[in-house]
Amino acid sequence: MNLKSVDLVGAEDTRHSGMLLKHFGIKKPLLSYHEHNEAMRTAQLIERLAAGENVALITDAGMPGFSDPGTRLVRECIKLGLPLTIVPGPSSILTALLGSGFSTERFCFRGFLPVKSGQRERELRAAAGREETTAFFDSPYRLTKTLASCIDILRNRQLCVARELTKKFEEFRRGTASELLAYYEAHAPKGEIVLIVSGSGD
Numbered sequence: 487m488n489l490k491s492v493d494l495v496g497a498e499d500t501r502h503s504g505m506l507l508k509h510f511g512i513k514k515p516l517l518s519y520h521e522h523n524e525a526m527r528t529a530q531l532i533e534r535l536a537a538g539e540n541v542a543l544i545t546d547a548g549m550p551g552f553s554d555p556g557t558r559l560v561r562e563c564i565k566l567g568l569p570l571t572i573v574p575g576p577s578s579i580l581t582a583l584l585g586s587g588f589s590t591e592r593f594c595f596r597g598f599l600p601v602k603s604g605q606r607e608r609e610l611r612a613a614a615g616r617e618e619t620t621a622f623f624d625s626p627y628r629l630t631k632t633l634a635s636c637i638d639i640l641r642n643r644q645l646c647v648a649r650e651l652t653k654k655f656e657e658f659r660r661g662t663a664s665e666l667l668a669y670y671e672a673h674a675p676k677g678e679i680v681l682i683v684s685g686s687g688d
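Under this note's numbering, the first residue of the sequence shown carries the number 487, and numbering increases by one thereafter.
Below you can see the structure in the form of structure tokens.
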């Protein structure tokens with residue numbers, strides 16, 4: 487299964503995905519599929535799948551279902567007995583975990599850190615209590631606030647900020663929260679960020 491063989495492509499941002507398809511010379515109808523229309527679009531895609539069409543779902547950066555739309559469609563396919571194929575691709579979570587140098591035997595992925603400081607600090611306290619490595623997504627606009635919270639909560643625990651993975655400005659920066667905060671206060675972070683917290687047993 488590939489994008490050339492499907493009848494329709496569901497895309498998080500049709501403009502972004504349209505450029506990708508054009509680059510590879512693929513001409514397929516695009517249908518927007520994002521968090522604000524996921525319920526409606528799932529019903530439409532299920533109708534097409536039930537009629538025997540092949541449909542692909544892609545996201546802007548990452549894999550559908552991992553902090554991106556897609557899980558609802560997968561669940562509906564399973565519920566209705568419709569065949570589905572998961573096509574593996576690059577994973578920022580696994581790339582960041584391996585590049586951190588921390589243990590990959592057991593890990594916990596918690597999605598995006600909450601916007602509200604109280605909820606964010608609860609997530610960080612939970613990570614502090616885990617023996618296994620914890621992975622989060624974070625926003626470049628909140629990273630310094632997150633690292634400031636980590637100083638009190640995680641103290642000298644080793645962290646890794648993995649940024650812009652598989653892209654031109656890929657960066658892995660490791661250290662304590664205070665070391666990383668000092669760096670990112672001087673160098674404003676940009677792009678997609680994965681924050682890795684080493685486990686208490688690491």
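Note that the Cβ used here is the ideal one computed from N, Cα and C, for glycine as well.
No experiment lies behind these values; they were computed from the predicted model shown.
Buried versus exposed call for residue i [16 or more other C-beta atoms within 10 Å across all chains shown]
i, result
"residue 603", "exposed"
"residue 521", "exposed"
"residue 644", "buried"
"residue 656", "exposed"
"residue 611", "exposed"
Distance between residue j and residue i (C-alpha atoms, nearest Å)
i, j, result
"residue 502", "residue 668", "34 Å"
"residue 618", "residue 679", "20 Å"
"residue 651", "residue 622", "14 Å"
"residue 597", "residue 625", "11 Å"
"residue 580", "residue 496", "25 Å"
Cβ of residue i within 8 Å of any chain D Cβ
i, result
"residue 538", "Of the protein chains in this structure there is only one, and it is not chain D."
Other residues of its chain near residue i: CB distance less than 6 Å, five sequence neighbours each side excluded
i, result
"residue 662", "642"
"residue 518", "500"
Own chain residues within Cβ distance below 8 Å of residue i, not counting five before or after
i, result
"residue 566", "532, 536"
Beta-carbon proximity check, residue i vs residue j, cutoff 8 Å
i, j, result
"residue 630", "residue 665", "no"
"residue 492", "residue 514", "yes"
Neighbourhood of residue i by C-beta, 7 Å cutoff - its chain only, sequence neighbours within 5 removed
i, result
"residue 547", "678"
"residue 600", "606, 609"
Self-check item: Any alpha helix (DSSP H) of 4 or more consecutive residues that is wholly inside the stretch 499-567
Solution: 500-509, 524-536, 557-566
Quiz prompt | Any alpha helix (DSSP H) of 4 or more consecutive residues that is wholly inside the stretch 622-669 | solution = 629-640
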